[in-house]
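Residue numbers (the numbering used here): 2 to 712.
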């Protein structure tokens, strides 16, 4: 741009200004005195003094040379996630290219392109990007901004920001225009399904209430209008509920199983809406069982029962009922019953009336000796077969006549203690079997071996039972590779047999100790069917558009194959890759569709997964609309223009620079000419030459003398 110049007048006094002012006052006073006395020539002497004073002020004519500076217009291009709908992102990029070219043709206007990517859980934040981009631009050189977007912004300020209303340092503010280019040809409509309330946890066997609302955004309000909401649970159960548009509504669902329960919600498409992406949602509810009831019956007092009480009492979800048999009925040492027991052992109440209420029964060193009649033991067996859990901790009491394995419990015991030499008494270190290294109850225990053949870093025990037969899964072994921990299924229930009563030695640090609390906790939770401890299970999760499938199995075999079904019904087979000898096999595959994915294996196990919404705010409203940014554009004198339907050649308004006060419109975006410049040179010349001032003063003095000399 060519340099410009301007002319101005300025004073450059030859002596201090107060001296000149004093001279002017003295001349004026003398002239007034002379006029009052009718002294001839007073006016001419005043003019001579003023001429000298004016010369001393030294008025100068200054010529400044300016170098005009270009103004910067910020072009903010929205490339957030909502711009992926239809062809908005492509249209915005093409429009930015054309806007840049148009601004380059306007003298004195320089565009700066700013691209806004997807934010993390904060929606689209165009004004934050605008403020950051303007931080290094001098306020006097900022011409305004153009936002190329779908109109959905989530940080619109309540008032015009300082970036668009800069202060020149003297308290004067200049309002800069905010122009908006919208990707589309007009206002759009969108249906949005919102989950207003969904509890993260619920009790298994009871109903849970969720609150939802369906809003038709941009569509004319129709009081009383309804639509159908479809709900799909992970197990495939589907049902519909009528929902009123624009009103919250409660829906009740049954919680059928412990662990994560996925429920997909879907609203039908609104005719003409821009996208159905926010017509769907998936809620996750973790099913938890109500207070677990555990019955612990200990034989003669032993070190292990204290560990059990501490473990079970520490779990707030467990109601523990504990009895210790201080003396069997067939043994009478003369101790009064009132001194021997706090309450009588409620055999009938526990094992006849309420046995079905216990989730887990633990018999720790329990020697029957006629305490429980066969009918009550048969009740325990029936309860276990119907879905209960039973844990036996065995010791010397299994070597006596009439032990539990000689009762109806033998039908569900996973191991039989040999009657001949049934107890091994010597120092040994518990070890894991190959199955134990793969089973979730014992896999990964602190100190457990990392591979087959390695020894665990656990302390020793000193006695264990010998068995002549075992069924189920042997997870740990004792002396001579005899079974030490055996788990088994009994119809719908589960049984665990720990064939030693010395696990408590680990908690006392014997030989370095061991993970006693963790082992007993896992056994108890496996017996109570906690999902994470299932020995054969299938899991699936989706993060970042990738599905991870994990299958656990305690058996070895070829690489497992699973069947994956997408929300749209498309199915494919995936082969899982075994992860060493851990019992785990995994696979990863892309999963970008919204909704519930189903994974099944040949053994009948199922798993469900759904992607999590990474930025729910970004997809709450998918319309292209001027309702959000239009008021701010109007407040700054900017214009709003729709780019049209052609993404390759979007429609643009005219870009001009104009004087302040020229309003913008949909077809004309004006930027103020703020005359930003830098001074490149300055030249000064005296207005009153010394010879001219001297001549004027001499003339005035002569006129004063001439006037005084006249009669």
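Positions of the beta carbon are idealized from the N, C-alpha and C atoms, including for glycine.
Being a predicted model, the structure only gives us computed values, none of them experimental.
Note that the region 638–653 does not touch the region 572–584; fewer than 3 beta-carbon pairs, one per stretch, sit closer than 8 Å. Looking from the CA of residue 545, the closest CA among 556, 591, 551 belongs to 591. CA-CA distance, residue 112 to residue 101, rounds to 6 Å. In the three-state reduction of the DSSP assignment, residue 350 falls in the helix class, which pools H, G and I. Around the beta carbon of residue 496, 16 or more other beta carbons lie within 10 angstroms, which makes this residue buried.
With the rule of 3 Cβ pairs closer than 8 Å, the region 690–705 counts as touching the region 43–55.
DSSP, reduced to helix, strand and coil, places residue 530 outside both helices and strands of the structure shown, so it counts as coil. Taking 8 Å as the cut-off, the Cβ atoms of residue 392 and residue 363 count as close. Residue range 281–289 is occupied by the beta strand (DSSP E) that includes residue 287. Contact between the region 219–237 and the region 554–567 is absent: fewer than three C-beta pairs spanning the two stretches fall below 8 Å.
If one requires a minimum length of 3 residues, the beta strand (DSSP E) runs lying completely within the region 61–101 are 72–79, in chain order.
Per the Cβ contact rule, the region 198–211 is in contact with the region 240–254 (3 or more Cβ pairs under 8 Å).
Going by DSSP, residue 543 is part of the beta strand (DSSP E) stretching over 538–544. Across the structure, residue 710 and residue 61 are spaced so that their CA atoms are roughly 38 Å apart. Put simply, of 630, 609, 641, 667 the residue whose alpha carbon is nearest the alpha carbon of residue 233 is 609. Listed as beta-bridge partners of residue 672 by DSSP are 658. Bounds of the alpha helix (DSSP H) holding residue 33 are 18–37. Counting only residues of its own chain and dropping the five nearest sequence neighbours on each side, residue 458 has a CB closer than 6 Å to the CB of 448. If the five residues before and after residue 479 are omitted, its C-beta is found closer than 6 Å to the C-beta atoms of 429, 465, 485, all from its own chain and listed in chain order.
Between the region 614–628 and the region 174–191, the count of C-beta pairs closer than 8 Å reaches three or more; the two stretches touch.
The bridge partners DSSP lists for residue 578 are 587.
At the C-beta level, residue 601 and residue 595 stay beyond 8 Å of one another. Rounded to whole angstroms, residue 409 and residue 550 show a C-alpha spacing of 42 Å. Rounded to whole angstroms, residue 463 and residue 396 show a C-alpha spacing of 11 Å.
Residue 644 and residue 83 do not touch by the CB rule: their CB atoms are close to 16 Å apart, not below 8 Å. When rounded, the separation of the alpha-carbon atoms in residue 152 and residue 289 is 44 Å.
DSSP places residue 462 inside the beta strand (DSSP E), whose first and last residues are 462–466.
Straight-line measurement puts the Cα of residue 385 at about 58 Å from the Cα of residue 87.
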